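This report refers to the structure that appears directly beneath it.
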């Protein structure tokens, strides 16, 4: 399937120093990166077979752990951590200091900001926009198709928009075209079908706004204001 399969030594102080690089000349790796020997960088998508390769870049000081796959055209900033078996599809743009836990799947043409944490077994649909400082709990699913199976679905696919500082709890589903506002909080297990305003907390199926995050109290009594303006 590939004309060029090479193993290249990556500068690192860790014992494991090799990663499988596909079409190596199109890959730019910053200094002091660690890439597991079972990770793959520059994987080609089936839709782009026979087309020119797209360059990928990995910022300095990044870690790509065992089983991770980064497709061609992906651009990842410095100090990223790509967990075991995580997948980053083609033409995704990712900022600095991101952390993707094991089995996170970032689909193609997504845009992800800096200081973003995406937990285990989370799926980010194509075309999703995630701004800086967002947290996604384990098992979160984003959708981008309104009518699955419709012959026109490619013309109207659009993933959610997650604004800066929003926090999404475990096992939340977010529907296409939905915007979750800045610093909003979504309770675990919710299904978000409508926009959530900034600074609000919401939960349920479907998710309903319950109030301002600034009115929330800490059940452990460690602080009276877990979220400050």
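Residue numbers (the working numbering): 5 to 233.
From the three backbone atoms N, C-alpha and C, an ideal C-beta is built for every residue, glycine too.
Note that the structure is a prediction, hence the values are computed from the model and not measured.
So residue i packs on residue j, CB below 8 Å; how close in whole Å?
i, j, result
"residue 186", "residue 167", "4 Å"
"residue 76", "residue 30", "7 Å"
"residue 104", "residue 82", "Contact flag wrong, Cβ pair sits at about 15 Å."
"residue 231", "residue 220", "6 Å"
State the DSSP-derived secondary structure class of residue i, mapped to helix, strand or coil.
i, result
"residue 232", "coil"
"residue 159", "helix"
"residue 62", "strand"
"residue 112", "coil"
"residue 174", "coil"
"residue 219", "helix"
"residue 50", "helix"
"residue 5", "The predicted position of residue 5 is uncertain, since its pLDDT is 31 and thus under 50; a value taken from the coordinates is nonetheless stated next. Looking at residue 5 - three-state DSSP - the assignment turns out to be coil, as it is neither helix nor strand."
"residue 124", "coil"
"residue 207", "strand"
"residue 30", "helix"
"residue 37", "coil"
Take residue i as the anchor and find which of the options has the nearest alpha-carbon.
i, options, result
"residue 213", "190, 122 and 150", "190"
"residue 73", "64, 102, 106 and 63", "106"
"residue 182", "192, 93 and 202", "202"
"residue 164", "67, 226, 135 and 65", "135"
"residue 47", "61, 36, 81 and 124", "61"
"residue 192", "50, 35, 144 and 63", "144"
"residue 36", "49, 84 and 223", "84"
"residue 93", "101, 100 and 115", "115"
"residue 118", "151, 95, 153 and 80", "80"
Going along the chain, which residues of its own chain have a beta-carbon closer than 8 Å to the beta-carbon of residue i, five neighbours each way excluded?
i, result
"residue 70", "40, 41, 42, 43, 88 and 89"
"residue 100", "63, 81, 82, 83, 84, 118 and 119"
"residue 188", "167, 170, 171, 200, 201, 202, 203, 204, 205, 206 and 217"
Going by the CB atoms, is the gap between residue j and residue i shorter than 8 Å?
i, j, result
"residue 156", "residue 128", "no"
"residue 177", "residue 196", "yes"
"residue 86", "residue 67", "yes"
"residue 204", "residue 216", "yes"
"residue 184", "residue 174", "no"
In chain order, what residues of the same chain lie with their CB nearer than 6 Å to the CB of residue i, ignoring the 5 residues before and after it?
i, result
"residue 146", "128, 129, 132, 163, 164 and 178"
"residue 121", "103 and 139"
"residue 19", "In this prediction, residue 19 has a pLDDT of 39, which is less than 50 and means its spatial position is unreliable; nothing more can be read from the coordinates."
"residue 16", "Interpretation of residue 16 is limited by its pLDDT of 41, a score under 50 that renders its predicted location unreliable; the figure taken from the coordinates is listed afterwards. Same-chain partners within the cutoff: 38."
"residue 91", "73 and 109"
"residue 210", "195 and 197"
"residue 96", "78, 110 and 114"
"residue 222", "230"
With a threshold of 7 Å on Cβ separation, who are the neighbours of residue i within its own chain once the five nearest residues in sequence on each side are excluded?
i, result
"residue 125", "107, 142 and 143"
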